[in-house]
Each structure stands twice: as structure tokens, then as C-alpha cells.
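Heads up, our numbering is the position in the sequence shown plus 4, with the first residue counted as 1.
Cβ coordinates follow ideal geometry from the N, Cα and C atoms, glycine included.
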Amino acid sequence: MIGRRLNYGIVLFVLGIVSLLNIFASEEPFEITPDEALTIGVADRFGRTALHTDVIEAQIVEGTWKAPHSGDTAVMADGSERQWETLKPNDEGDFFMQGRRGGYLYFNVDSTQKRIMVLKAKGHSFVYVNGELRMGDIYNNGRVELPILLKKGANDFLFRSGRGGLQWKLVEPKGPVSFNDLDWTLPDVITGETIDTWGAVMISNASEKPLKEHWIRVQLNGFNNTETKAPYIIPLSVRKVGFQIQGTAPQEPGEIEGTLELIAKKDCGEEILGHIDFQLKVVEPGANYRRTFNSCIDGSVQYYAVNPMIPLEGSNHQPALFFSLHGAGVEAINQANAYSHKTWGTLVAPTNRRPYGFDWEDWGRMDALEVLKIAKEQFNIDPDRVYLTGHSMGGHGAWSLGAIFPDQWAAIGPCAGWISFSSYGGGRRSERENEPESGIAEIMRRASIVYDTMSVSRNYADSGIYIHHGAADRTVPVSQAQRMAEHLSVFHHDFRLHEQPGAGHWWDEDDEPGAACVDWAPMFDFFSRRVIPAKDMVRDVTFVTVNPGVSAWSHWIGVISQIEPLKPSEVNLRWDTWKRRFSGTTSNVKCLAFSVDHMTPDGAIEFVLDGTKSVQVLYPTSEKIVYLLHLDDEWRPAGKPSLLMKGPRRYGPFKEAFQHRMQFVYGTQGTEEENAWAFAKARYDAEQFWYRGNGSIDVIPDIEFDPDRDKDRAVIVYGNADTNTAWKHLLTTSPVQIERGKILLGAKVLEGGDLCGLFLQPRPGSDTACVAVIGGTGAKGMRLSDRLLVIRSGTGFPDCLILGPEMLMTNEEVTPGLSGVRAAGFFGDDWSVANGVFEFH
Numbered sequence: 005m006i007g008r009r010l011n012y013g014i015v016l017f018v019l020g021i022v023s024l025l026n027i028f029a030s031e032e033p034f035e036i037t038p039d040e041a042l043t044i045g046v047a048d049r050f051g052r053t054a055l056h057t058d059v060i061e062a063q064i065v066e067g068t069w070k071a072p073h074s075g076d077t078a079v080m081a082d083g084s085e086r087q088w089e090t091l092k093p094n095d096e097g098d099f100f101m102q103g104r105r106g107g108y109l110y111f112n113v114d115s116t117q118k119r120i121m122v123l124k125a126k127g128h129s130f131v132y133v134n135g136e137l138r139m140g141d142i143y144n145n146g147r148v149e150l151p152i153l154l155k156k157g158a159n160d161f162l163f164r165s166g167r168g169g170l171q172w173k174l175v176e177p178k179g180p181v182s183f184n185d186l187d188w189t190l191p192d193v194i195t196g197e198t199i200d201t202w203g204a205v206m207i208s209n210a211s212e213k214p215l216k217e218h219w220i221r222v223q224l225n226g227f228n229n230t231e232t233k234a235p236y237i238i239p240l241s242v243r244k245v246g247f248q249i250q251g252t253a254p255q256e257p258g259e260i261e262g263t264l265e266l267i268a269k270k271d272c273g274e275e276i277l278g279h280i281d282f283q284l285k286v287v288e289p290g291a292n293y294r295r296t297f298n299s300c301i302d303g304s305v306q307y308y309a310v311n312p313m314i315p316l317e318g319s320n321h322q323p324a325l326f327f328s329l330h331g332a333g334v335e336a337i338n339q340a341n342a343y344s345h346k347t348w349g350t351l352v353a354p355t356n357r358r359p360y361g362f363d364w365e366d367w368g369r370m371d372a373l374e375v376l377k378i379a380k381e382q383f384n385i386d387p388d389r390v391y392l393t394g395h396s397m398g399g400h401g402a403w404s405l406g407a408i409f410p411d412q413w414a415a416i417g418p419c420a421g422w423i424s425f426s427s428y429g430g431g432r433r434s435e436r437e438n439e440p441e442s443g444i445a446e447i448m449r450r451a452s453i454v455y456d457t458m459s460v461s462r463n464y465a466d467s468g469i470y471i472h473h474g475a476a477d478r479t480v481p482v483s484q485a486q487r488m489a490e491h492l493s494v495f496h497h498d499f500r501l502h503e504q505p506g507a508g509h510w511w512d513e514d515d516e517p518g519a520a521c522v523d524w525a526p527m528f529d530f531f532s533r534r535v536i537p538a539k540d541m542v543r544d545v546t547f548v549t550v551n552p553g554v555s556a557w558s559h560w561i562g563v564i565s566q567i568e569p570l571k572p573s574e575v576n577l578r579w580d581t582w583k584r585r586f587s588g589t590t591s592n593v594k595c596l597a598f599s600v601d602h603m604t605p606d607g608a609i610e611f612v613l614d615g616t617k618s619v620q621v622l623y624p625t626s627e628k629i630v631y632l633l634h635l636d637d638e639w640r641p642a643g644k645p646s647l648l649m650k651g652p653r654r655y656g657p658f659k660e661a662f663q664h665r666m667q668f669v670y671g672t673q674g675t676e677e678e679n680a681w682a683f684a685k686a687r688y689d690a691e692q693f694w695y696r697g698n699g700s701i702d703v704i705p706d707i708e709f710d711p712d713r714d715k716d717r718a719v720i721v722y723g724n725a726d727t728n729t730a731w732k733h734l735l736t737t738s739p740v741q742i743e744r745g746k747i748l749l750g751a752k753v754l755e756g757g758d759l760c761g762l763f764l765q766p767r768p769g770s771d772t773a774c775v776a777v778i779g780g781t782g783a784k785g786m787r788l789s790d791r792l793l794v795i796r797s798g799t800g801f802p803d804c805l806i807l808g809p810e811m812l813m814t815n816e817e818v819t820p821g822l823s824g825v826r827a828a829g830f831f832g833d834d835w836s837v838a839n840g841v842f843e844f845h
């Protein structure tokens, strides 16, 4: 008996040792690295467009996609067959699809248990993890580390390849909640200055519960300890979060060491969930530096770079502003560093939200306007001496912003700039340009017209233009500059074209400070001789806009609404000072606004427009604006248009809803499949906006949405009237209703459980914000919306777009996917379908 007890004790002892060894072994980080993939090239058609084709996506939408095996085939939209093949990584661990950019790579990961892991990957456009779409790292910057949930058993990873090889692995998270040090936004501080500013850091929520009541505590040597309440963070996600920095900088340049703590506050006290060290750079007065601000687009922390003016002794004039836009892949601070200090102006470089960002279109354009406003106030800028320049992608930005906002610049200087996406950047233009488009194709073209620089190029007449380009540029051909110079020569009388002999895309051949390809002395001399005229000095205005919601004003004239939405609207007007008369012609203008604060208030004002009879209006006594409405082929005096109508503050199309500190609200009242889609799609779109636009989006379930709070915030609703409870608060009066199995579009009813719908409407109770919907009539239709390129520059979506799954499998020669559009159009000025312009398939 004693022997048996001893043997039993030995067994227990051995089991105990094994158990301890297992515990110690489990402390080693668990990691999964793939060693084999299946790949397939896809003969789809995609690009910088709203529509695309993709046979693999078609299977996913239909719900028929299955994990492939080597040798399996897939039939492409063009009828050809492609085969899944085995692929091994190269010596660097890259899975490289030679000649197959845009193909797919499939991996299977078998897990012995349900567990949360972190996906570290780069080189891919996106990935489906067990059917859920997650953001990729197309620019290979290594920032994408996403918490994911592995189920017990087989797990599917379907990657879309990007620009090069794919690397990925799965690692254990640092903890349920943690900081991530891969993506900071931090200001620089100047010696001795007192600051109250912001930084931002990534937080990973590697748990299945949302983070709600948590704070970020900043401990910074020599500064105040501050606590900033962190926003709501949904489960299994990452978010870039802002924190406040307050204090006085030291008197010597260098670095300040600091620590962030993530704190959960509870009734019984506080719990520290994580911490991370960081540094602030301290620079001397006169050095280049970064400044941060809270963006009105999404509430995120952004930065701009400053190259300060160093005035000559005794100088006391207001500084000019040189607004410089960076190229693709360039940080704004490096853009500022490419210039020498100027004695007569300050150079400010906005960020475009990221080094690649949005090509100075869409939210990149909005970022530039935010920074322009801040810079004018921050540096006490001479309002008559504001100059716009930029290089490469930033040269395109100079062409674009220079045309869209013509009265903001005394002169512009595009350096090595491309004109439009259609001429350089991957956008598609109809191959039958001489044939007028009609129907749905015309609606889709109009939705993209804001990206066509040439459509508003007549506006350049307001500004001096210095075009600067390397004659041997192989990145952006000099033909872009030559084409624009030829176009300008027809109507413009104040432009220069300089082609630097033998120079490439980036060059610096002189010994002066600054890089000559951007800091070109003759261009700055050209700037110095030009100013923005005061309003009362402007006698003639030619102004073109394609969207009053983007650009409505030039000097004293405003285009408030259009006869045909998103077609060019043009005014050619003259102001006769002593006659107190405005006269001229208009095209595609429904409502005009005349700012008259530059006039004396005595007497009537006369308007003679488009050859119609003269209109007399008394000088306004309150708002110094006169409104005229074009009705029945004549112009009539009108009151101020209702802010409930379409106008400069809110006009569409669809993507214009994505601003005003937008929040994403996903539905939770549908089927399990519908709810899972809504959560995953809202998370994916937020991840896209973070990756592409340094964004920080509030993503919340519908049960957390309070319709009475923040009524001027835009809301993006994911789901439909049956699955998202926010619908009843925001969209009950909408002329578009998406329900299970059908879409009501005005008087039309579109039936089917596989329809996808996108549209926007004004938010009830707000004069500025919109509600946008991304949804479908069922799970299939919802999945069809997953990869529409909404969060990307240069892709035009109309006010309303209804799609069927046939989009993904059509093979039209000119516009792939067009036959999948069931309806598309623009709402009327009253946001109705009945008074709008719609086409149906």
C-alpha cells in the first residue's frame, strides 16, 4: 500500500512538473508564419472608379465561395479560365505573384482552439479573414497590425495582392488592450513656448468587448500631467486616439521624454491597462517644425509643417503665405525642409492626411482648406499675398485647388505636376470621347467631374501661373506641363512655362539652400509681383464650378444651385461701379448670390443677365447679399434660400457626407449574418480611413446612437430600415427606403434580396450635416457594397446608386460593371427623387 501511495505521489509530482513546464512554455509568444499559399490571377477590371468586376468577389457575395485546392479553376468575366496554383515564399519571406498584381493568395490556418491573434501583414490591398474584410497595407509601411479572432479548426485567409510581395504572420497580442507605437502624430515645440496642443497614438482592442470608460494620462517631463478621455473603441479593432499636451517647453532644443498610460476608471479606483514611452522634439525659433490640430472632418489629430519667415532687420510687413503641397509618399515636414527660409513670407505644408493620402482630392482637399484657414489666422498672413505651389502629386494639387478656389491665390506654381486622374493617375475616361454619353453612364461621369481639372480651367484667369517642370522627367512627363501651357495660351495672359533642360523629377543643381525643383527663385520672384485684388477692385469675373458644395464663390459672385446638377456652371459678369450695375451671362445656373458689401448702401442695384429684362433690387439692410433665381427663362429677385435645400453648405454627391466629424453606426437588429456584415463593414471603412487618411472614426452600434446629441455631425448608417434602429430617427422621411427584399426609390420599387444601395440625405435638425447609407436588401446585397471604393480619392459616386451583383461579372469594353447599375442619380434641390435626375436600368 505504501509503495502504491509512493508511486501515485511520483505520478502527481511528474504531472506537476509537466504542468509547470507547459505554463513556462506558454509564456513564449505564440506565432504562426505561413510557408505555402495558393494563388490565382484574376482577369478583373478595376481602378480609380466607382464600379469594377471581380469573379472571386462575385462568389463571396453570392455565398458560394469555398476554400480552393491546387488545380481548381475559376471562370473569369471574359470567359477565360484561371487556375489556383501553389506558391512558396522567397528567401525574404515574400509571397510574390510574378506578373499577377491584383491576384489572390489563399492560406489556411488550423487552430486547436478559439483565440485572438494579431495579424501583421504588408503588401496587400485587403484580406478576408473567415469572410470578414480587413484593411490591407498596400503601401508596405508596416503599420497594419489588426486583432482578429481565430475559430477552432480551419481558418481562411484570402489576401488581395498589392504592389509587391506579401508578408504576413499571426502573433499573440500584448494584452487585451494595448498601445501600438507604429503610427504617431506628434507636434514639435519651440524652446520656451507655452503650448496647449494634441498628439495621437494607436490603441489596439484585442478583446471581444468595446472599450468605453478609459482615459489617456500624459506624463511629460517639465509639463503638466493631463488626462484625456479616450473615445469608444469597438471590439477586435484598432483606433488612432488623440491626447492633450499642455505645458511650457524647455529653453534648450532637444527631446522631451514622456509616457502615456491607458487607464480604465471604475467605482473602486483605476486600472492601468498599458503604457508607452514617447518623445517630443524641441526646436529653436526659426527652425522648421510640425503643428497639430483637431480636424473638423472626423475629429482626428492631424499636423502641418511650417518653414517660418525670417524677416530682415527692421521689417514689419505682414508675411505672405506660401502654401506648398507635397508629392506622393512625402511627409509634409520634408516638403517644408525642401525650401530655404524666406524673408517675406512663411511656408506652410499641409499633409493631405497621409504621404499618399487622397491626391489633394476629396479629404486631401478638405485637409488643405482646414490648414489654409488655420495658417492665415496663426501667422497673421497678408490676405492679398497667398501663393499656392506643390510638387508631383502636389503639383496636381496646385492645378486642382488653383482652379477650384480661384480667388484664394495671388499666383500658383505647379512643379512637375500632373493634370487629372484621367491624364495620369489611373482614372478611366470614355474611349468614345467624341460620342456623348447618356443614361447611367452620363450620371456616373457627372459624379466624377470634380476630379477633372480641365472642366474648371477657365478659373485660372484670376491668378498668375508659373509652370515648372524637368524636361527629362520620367515620373510625370513634361507633356503634362506642355499640354496645360497650350491650353492656357488660348485665354490666359499671365503664365510662364519653364522646362529645366536635362532635369528629371526631383533635382537640385545649384548651391543655394532649398531644392531647385521646388524652391525655384524665378518662381518666387514671379509670386512677389502678384497680389489678390480687393473685392471692390474686381470689375470682371469669370467663374466655373461643377459642384457648389465644393466651390461656390469667386470674389463677389456665388453659384448657389444648378439647373443640371454636377455639370459645369459658368458665369461671365461685369460690375459697373458708378452705374451700380451687374451684367453678363450665365450657363447652368439656377440661383445666384451677389455679395455687395463692397458697395455704398445708397440706391438700388441693377442686374442685367443673359439678355433678359433689367432687375432692380434695393440694397439689402441685413446680410449684404442679393439673391436672384432663374425661373421661366428670366431672373427674379429671391430671398435667401432655405438651408434645408441643396446649397453650398450641403450639396452632395454621396462622398460629401463623409465629413462634419462623421460617425459610423452599424445595425444590430438584423439576422446574425446581417449584423455580422454591418459590424465588419463599418470597422473596415474606419480602418480604411485610418490607413489612407490618418483618421479616427467613431464606430458605434445603433443601440448606442443618441439622435439628440451632436445634431451637426454626419452619420453613416450601415444596414437598412429593418436592421438598423438609427433609421427611424434619421431617415423616415427619406425618398429612398431600403428594406429586406426591396428598395423604394421615389415612386419606383426595385425588388430582390441581392441589391446594394448607397445614398445621402440631409440630417434632420442640421443645416450642414448629412446622413449617408451603405446597405442592402439582404446579406448578398450588403456584401456587394464591401469593396466599393468610397474611401479613396478620385472615385465618383452620385447622390444615389443602386447596384445588382451582375456588376461583378459583366465585361463591358468601356465601363466595366455598368450593366450592374440598377439606378443612379442626383436628388433635386429639395432632396427629392421626383425633382431630381435619375436613370434606371
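Residue range of the unbroken alpha helix (DSSP H) whose run includes residue i
i: Leu376; result: Asp366 to Gln382
i: Gly75; result: Gly75 -> no alpha helix (DSSP H), and no H or E assigned at all.
Distance cut-off 6 Å: residue i Cβ against heavy atoms of the ligand GTP
i: Gly196; result: In terms of ligand content, the structure shown is empty, and the ligand GTP therefore cannot be addressed.
Length of the line joining the Cα atoms of residue i and residue j
i: Gly821; j: Val59; result: 12 Å
i: Leu632; j: Leu150; result: 54 Å
i: Gly106; j: Ala234; result: 37 Å
i: Trp364; j: Tyr308; result: 14 Å
i: Val412; j: Ile536; result: As written in the sequence, residue 412 is Gln, which differs from the Val given in the question. Answer to the nearest angstrom: the Cα atoms are 8 Å apart.
i: Gln486; j: Leu392; result: 20 Å
i: Ile471; j: Asn338; result: 22 Å
i: Cys428; j: Gly168; result: Reading off the sequence shown, one finds Tyr at residue 428, where the question assumed Cys. Rounded to the nearest angstrom, the two C-alpha atoms are 21 Å apart.
i: Val669; j: Glu743; result: 17 Å
i: Asn438; j: Ile701; result: In this predicted model, Asn438 has a pLDDT of only 44, less than 50, meaning its place in the structure is not dependable enough to derive any value.
i: Tyr132; j: Tyr110; result: 10 Å
i: Arg640; j: Thr590; result: 14 Å
i: Pro652; j: Cys300; result: 17 Å
i: Val494; j: Phe530; result: 21 Å
Proximity below 7 Å, CB of residue i to CB of residue j
i: Ala827; j: Phe844; result: yes
i: Ile447; j: Gly829; result: yes
i: Ala489; j: Thr457; result: no
i: Gly656; j: Asp833; result: no
i: Ser555; j: Phe409; result: yes
i: Gln765; j: Val775; result: yes
8 Å CB neighbourhood of residue i in its chain, flanking five on each side removed
i: Asp477; result: Ala420, Ala507, Gly508 and His509
i: Asp523; result: Ala342, Tyr343, Ser344, Glu516 and Pro517
i: Ser459; result: Ile453, Val548, Val550 and Pro572
i: Trp560; result: Lys539, Val542, Val545, Trp579, Phe598, Ser599, Val600 and His602
Residues near residue i in its chain [Cβ-Cβ closer than 7 Å; skip 5 each side]
i: Val193; result: Ile199, Ala253, Leu284 and Val286
i: Pro605; result: Tyr623
Cβ shell of residue i (< 6 Å), same chain only, five flanking positions each side left out
i: Thr727; result: Gly671, Gln673, Gly674 and Glu678
i: Leu277; result: Val181, Leu266 and Ala268
Delimiting residues of the beta strand (DSSP E) encompassing residue i
i: Tyr688; result: Run containing Tyr688: none in the beta strand (DSSP E); it sits in the alpha helix (DSSP H), Glu676 to Gly697.
i: Asp185; result: Val181 to Thr189
i: Ser789; result: Unbroken run through Ser789: none, as it is neither H nor E.
i: Ile444; result: Where Ile444 is concerned, there is no enclosing beta strand (DSSP E), although the alpha helix (DSSP H) it sits in stretches over Gly443 to Ala451.
i: Asn298; result: Tyr293 to Asn298
i: Asn576; result: Ser573 to Asp580
i: Trp219; result: His218 to Leu224
i: Ala725; result: Taken as a continuous stretch (DSSP letters only), Ala725 belongs to no beta strand (DSSP E), as it is neither H nor E.
Three or more C-beta pairs under 8 Å: does that hold for the region 256-272 against the region 328-337? no
Okay, do the region 775-782 and the region 45-56 touch, 3+ Cβ pairs below 8 Å being the bar? no
Measuring CB atoms only, is the region 135-154 touching the region 221-235, in the sense that at least three cross pairs come out at less than 8 Å? no
Segment contact flag, the region 120-127 with the region 66-85, C-beta cutoff 8 Å, min 3 pairs: no
Is the region 598-606 close to the region 622-630, with three or more CB pairs under 8 Å? yes
Quick test of the definition: if touching needs 3 or more C-beta pairs under 8 Å, does the region 259-279 touch the region 217-229? yes
May I ask you to verify whether the region 788-800 touches the region 68-76, counting CB pairs closer than 8 Å and requiring at least 3? no
Three or more C-beta pairs under 8 Å: does that hold for the region 348-357 against the region 309-316? yes
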